[in-house]
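Trainee:
Protein chains: 4
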Amino acid sequence: MNGEIEINPRYSETDQMGVIYHGNYFSYFEVARTNLFEELGYSYRKIEDEGIILPVIEANCKYKKAIKFNEKIIVKAEISFIQRIKIGFNYTIYRKSDREVLATGFTNHGFVDKDLKPIRFKMFNEEFKTILNEIRNDLNEY
Amino acid sequence: MNGEIEINPRYSETDQMGVIYHGNYFSYFEVARTNLFEELGYSYRKIEDEGIILPVIEANCKYKKAIKFNEKIIVKAEISFIQRIKIGFNYTIYRKSDREVLATGFTNHGFVDKDLKPIRFKMFNEEFKTILNEIRNDLNEY
Amino acid sequence: MNGEIEINPRYSETDQMGVIYHGNYFSYFEVARTNLFEELGYSYRKIEDEGIILPVIEANCKYKKAIKFNEKIIVKAEISFIQRIKIGFNYTIYRKSDREVLATGFTNHGFVDKDLKPIRFKMFNEEFKTILNEIRNDLNEY
Amino acid sequence: MNGEIEINPRYSETDQMGVIYHGNYFSYFEVARTNLFEELGYSYRKIEDEGIILPVIEANCKYKKAIKFNEKIIVKAEISFIQRIKIGFNYTIYRKSDREVLATGFTNHGFVDKDLKPIRFKMFNEEFKTILNEIRNDLNEY
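Protein chains in written order, with our numbering: chain E, 377 to 518; chain X, 377 to 518; chain F, 377 to 518; chain B, 377 to 518.
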């Protein structure tokens, strides 16, 4: 479990500059975030099925080197913080062949219910709460 | 009311061939379809709010000339048929400057409820049913 | 080598119907097409590097069952025909878990150069021409 | 000339949360940026035709309220800074009906040539340089 997933950039994701369109990096981040939840043992679908939604509050990306079509990349997601009603993720995109960093970014999300009202993560079911609490403790140790 | 809407192709919609990615034409068709419902006096949002969904059963596009970034186009949508539980649309994409045809296509849709079960359009509310019946009569005259 | 590739549908690819947006199936087809060229030993990037482009002339999809976020699918691409200046592909999308067919489709493509002028595939380099000729012979046996 | 453009959010841009997918805001920003260049009298296509490309170095968005399908928005772009080899833009997305702010963001771009090498904007042609210099002077007055 390391929060990393391989992505093969698609032709549909390129633009006429001949590289991956910058807006598509946020879909790559989301793929890595989905994978991270999977690895933590609590899939994003399961979260939504329980009525918890994680809308993005802020998204950011710094672009270092262009990503090309069909040039495999690794996208790594990490939890950066967990607060009462918020969670943050950091991302790094590497070229697969040589691990060169191509981009970094972050997204912050709220915990809300289906009516988009904030929920404190203490209200989550035991299993998910336990997972989040463990991560939180790990983060606080640094 | 002629079912036509102007679209200004976006940079994000181009691909590394230097033209609009072929898959994006289906979003253009959908913009024209949304506009057509608007013109008919019954918006797509209103339809969904009443619990009717129109999932695509088949989609087709014939590509004649490439569409370039920022080269304005006109997308025309027309209803091709209305059946008990199905509706069809035809589309034509023109270059705005000279009305040259750049692509044509069609989509067929089912009438279903939120559980994706087919609904006969006779079950729709009077207003929407009347609109559809009038179009249907016009189509049958040809 | 069977022309199949696994795809994990992304959250960004869903729409408010709660399923994968129909226009995105054409990106899935393209991923399978890219993979097929890879398997044939001649990547799409290599083709473009040699100045050959394969613009879509016609695209079609029949939708049978909705695809859900994070519900893994298999997309299979096959070459349906090779003609002097055209090539066709058929696609089938299966749910990974039970191999149920969720959609089928096709795309037809021209062989053109960077100025979008048709090229006969006989003009391609020996390696690529040989690959295409072998497939063509196989197709003609049926 | 105020850098504002109206956008009608598309069905294809929604996700299963029932709102516009957060990654699509960067396409909206780009539409407003394209429009701003148009208003300044120097279209983005003209810039690219002269061999100048403006790749994104950093992109950011703060999401305040969700954007719904078919709920018209106004996207405003403004130049935030012009430096030797960099240019920045700020964006605000308003709901059209009541001018409520739904999101804000920024993008920073480099000036590069087709080989992605930095170009100082002093090297641009007189017309474009004059436009940029005027904006720069206006910005410095504040």
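Idealized CB from N, CA, C, for every residue including glycine. None of the values given here were measured: they were computed from a predicted structure.
Can you list the alpha helix (DSSP H) stretches of 4 or more residues lying completely in the segment 423-470 of chain B, in chain order?
Mentor: Segments of the alpha helix (DSSP H) lying fully in the segment 423-470 of chain B: there are none.
Trainee: R445 (chain F) versus chain E: which residues are under 7 Å apart at the beta carbon?
Mentor: Numbered from its first residue, the third sequence carries residue 445 (chain F) at position 69. The residue asked about is misnamed: residue 445 (chain F) is Phe in this sequence, not Arg. The answer, in chain order, is R421.
Trainee: CB-CB under 6 Å to N411 (chain F), same chain, minus the five flanking residues each way: which ones, in chain order?
Mentor: Within the third sequence, residue 411 (chain F) is the residue found at index 35, counting from 1. These residues qualify, in order along the chain: I381.
Trainee: Given N436 (chain F), which residues of its chain have a CB within under 7 Å of its CB, disregarding the five upstream and five downstream residues?
Mentor: Translated into the one-based positions of the third sequence, residue 436 (chain F) becomes position 60. G481, F482.
Trainee: Considering only the alpha carbon of each residue, which of F:I469, F:N501, F:N466, F:F445 lies closest to K422 (chain E)?
Mentor: Within the first sequence, residue 422 (chain E) is the residue found at index 46, counting from 1. Checked all of F:I469, F:N501, F:N466, F:F445; the closest Cα to K422 (chain E) is F:F445.
Trainee: Show which residues of chain X have a CB atom less than 8 Å away from the CB atom of D391 (chain E).
Mentor: Within the first sequence, numbered from 1, the residue matching residue 391 (chain E) stands at position 15. Chain X residues near D391 (chain E): Y387, S388, T390, D391, Q392.
Trainee: If you draw a straight line from the alpha carbon of I521 (chain X) to that of Q392 (chain E), how long is it in whole angstroms?
Mentor: Outside the shown range of chain X, which is 377 to 518, sits residue 521 (chain X), and nothing can be said about it.
Trainee: Between which residues of its own chain and L430 (chain X) is the CB-CB distance below 6 Å, once the five residues before and five after are set aside?
Mentor: Counting from one through the second sequence, the residue named residue 430 (chain X) turns up at place 54. Excluding positions up to five away in sequence, the list reads H485.
Trainee: Taking just the CA atoms, how far does E454 (chain X) sit from E476 (chain F)?
Mentor: The count along the third sequence starts at 1 and reaches residue 476 (chain F) at position 100. The count along the second sequence starts at 1 and reaches residue 454 (chain X) at position 78. Rounded to whole angstroms, E476 (chain F) to E454 (chain X) spans 34 Å at the Cα level.
Trainee: Where does the unbroken beta strand (DSSP E) through T483 (chain E) begin, and where does it stop?
Mentor: Position 107 of the first sequence, counted from the first residue, corresponds to residue 483 (chain E). Note, T483 (chain E): beta strand (DSSP E), 477-486.
Trainee: Express the C-alpha separation of L515 (chain B) and V451 (chain E) in angstroms, rounding to a whole number.
Mentor: Along the first sequence, one-based indexing puts residue 451 (chain E) at 75. Along the fourth sequence, one-based indexing puts residue 515 (chain B) at 139. Cα to Cα, V451 (chain E) sits roughly 38 Å from L515 (chain B).
Trainee: DSSP state of I495 (chain X), grouped into three classes?
Mentor: Counted from its first residue, the second sequence places residue 495 (chain X) at position 119. Coil, per DSSP.
Trainee: Can you have a look at G417 (chain F) and say buried or exposed, based on whether 16 or more other CB atoms are within 10 angstroms of its CB?
Mentor: Residue mapping note: residue 417 (chain F) aligns to position 41 of the third sequence, counting from 1. Counting Cβ neighbours within 10 Å, G417 (chain F) comes out exposed, since fewer than 16 surround it.
Trainee: So is E406 (chain X) in contact with chain B if we call contact Cβ pairs under 9 Å?
Mentor: Your numbering for residue 406 (chain X) matches position 30 in the second sequence. True, the Cβ-Cβ gap to chain B drops below 9 Å.
Trainee: Between K438 (chain B) and chain E, is any beta-carbon pair separated by less than 9 Å?
Mentor: Sequence index remark: in the fourth sequence, residue 438 (chain B) carries index 62 (1-based). K438 (chain B) counts as touching chain E.
Trainee: Under 9 Å between C-beta atoms, does N384 (chain B) make it to chain X?
Mentor: To locate residue 384 (chain B), count along the fourth sequence from 1; it is residue 8. Chain X contact via Cβ: present.
Trainee: Using 8 Å as the cut-off, classify the Cβ of K422 (chain F) as near or not near the heavy atoms of the ligand SAH, replying yes or no.
Mentor: This structure simply doesn't include the ligand SAH, nor any ligand for that matter.
Trainee: Spatial neighbours of K440 (chain B) within its chain, please: CB distance less than 8 Å, with the 5 preceding and 5 following residues excluded, ordered by chain position.
Mentor: Sequence index remark: in the fourth sequence, residue 440 (chain B) carries index 64 (1-based). The answer, listed in chain order, is V477, L478, A479, T480.
Trainee: To which residues does DSSP link I511 (chain B) through a beta bridge?
Mentor: The sequence position of residue 511 (chain B) within the fourth sequence is 135, counting from 1. In the DSSP output, where bridge partners are listed per residue, I511 (chain B) has none listed.
Trainee: So I458 (chain F) packs on L492 (chain F), CB below 8 Å; how close in whole Å?
Mentor: The residue you call residue 458 (chain F) lines up with position 82 of the third sequence. The residue you call residue 492 (chain F) lines up with position 116 of the third sequence. Going by Cβ atoms, the distance from I458 (chain F) to L492 (chain F) rounds to 20 Å, so no, they are not a contact pair.
Trainee: Would F402 (chain B) and H398 (chain E) be called neighbours here (beta carbons separated by less than 9 Å)?
Mentor: The residue given as residue 402 (chain B) occupies position 26 in the fourth sequence. The residue given as residue 398 (chain E) occupies position 22 in the first sequence. Cβ atoms of F402 (chain B) and H398 (chain E): closer than 9 Å.
Trainee: Please list the terminal residues of the continuous beta strand (DSSP E) segment that includes E382 (chain E).
Mentor: Counted from its first residue, the first sequence places residue 382 (chain E) at position 6. Element bounds for E382 (chain E): 380-383.
Trainee: From the beta carbon of F487 (chain X), is the nearest beta carbon of chain B less than 9 Å away?
Mentor: Position 111 of the second sequence, counted from the start, is the residue given in the question as residue 487 (chain X). For F487 (chain X), the answer is no, since every Cβ of chain B falls outside 9 Å of its Cβ.
Trainee: Does F402 (chain E) come within less than 9 Å of chain F when only Cβ atoms are used?
Mentor: Within the first sequence, numbered from 1, the residue matching residue 402 (chain E) stands at position 26. Yes, F402 (chain E) counts as interfacial toward chain F.
Trainee: Excluding the 5 residues preceding and the 5 following R471 (chain E) in the sequence, name in chain order all residues of the same chain whose CB lies nearer than 7 Å to its CB.
Mentor: In the first sequence, residue 471 (chain E) corresponds to position 95, counting from 1. These residues qualify, in order along the chain: E447, I449, L478.
Trainee: Taking C-beta pairs closer than 7 Å, name the residues in chain X that G399 (chain E) reaches, listed in chain order.
Mentor: Position 23 of the first sequence, counting from 1, holds the residue named residue 399 (chain E). What G399 (chain E) touches in chain X: S388.
Trainee: Does the beta carbon of V451 (chain E) come closer than 9 Å to any beta carbon on chain X?
Mentor: Here residue 451 (chain E) refers to the residue found at position 75 when the first sequence is read from its first residue. False, the Cβ-Cβ gap to chain X never drops below 9 Å.
Trainee: Starting from S473 (chain E), follow the alpha helix (DSSP H) in both directions and report where the run begins and ends.
Mentor: As a working mapping, residue 473 (chain E) is identified with position 97 in the first sequence. Unbroken run through S473 (chain E): none, as it is neither H nor E.
Trainee: Note down, in chain order, every chain X residue with its Cβ under 9 Å from the Cβ of T483 (chain B).
Mentor: What you label residue 483 (chain B) is simply residue 107 of the fourth sequence in a count that begins at 1. Those within 9 Å of T483 (chain B) in chain X number zero; the least Cβ separation is about 12 Å.
Trainee: Any idea if S473 (chain E) is buried or exposed, counting beta-carbon neighbours within 10 angstroms, 16 or more meaning buried?
Mentor: By 1-based counting over the first sequence, the position of residue 473 (chain E) is 97. Exposed.
Trainee: Could you name the residues of the same chain whose beta carbon sits closer than 6 Å to that of S419 (chain B), not counting the 5 residues immediately before and after it, in chain order?
Mentor: The sequence position of residue 419 (chain B) within the fourth sequence is 43, counting from 1. Once the five neighbours on either side are set aside, the close Cβ partners of S419 (chain B) are F413.
Trainee: Could one say the Cβ of L492 (chain F) lies closer than 9 Å to chain X's Cβ atoms, at least one of them?
Mentor: As a first step, residue 492 (chain F) must be located in the third sequence, where it is residue number 116. Yes, L492 (chain F) lies at the interface with chain X (some Cβ there is under 9 Å from its Cβ).
Trainee: Under 8 Å Cβ to Cβ from F405 (chain E), same chain only, skipping five residues before and after it: list those, please.
Mentor: Start at 1 with the first residue of the first sequence, and residue 405 (chain E) comes out as number 29. Excluding residues within five positions, the ones whose Cβ falls inside 8 Å are A435, C437, V451, A453, F465, Y467, G481, T483.
Trainee: Between V432 (chain E) and R386 (chain F), how many whole angstroms is the CB-CB distance? I'm expecting something under 8 Å.
Mentor: The count along the first sequence starts at 1 and reaches residue 432 (chain E) at position 56. The count along the third sequence starts at 1 and reaches residue 386 (chain F) at position 10. At roughly 14 Å, the Cβ-Cβ gap does not stay under 8 Å, so V432 (chain E) and R386 (chain F) are not in contact.
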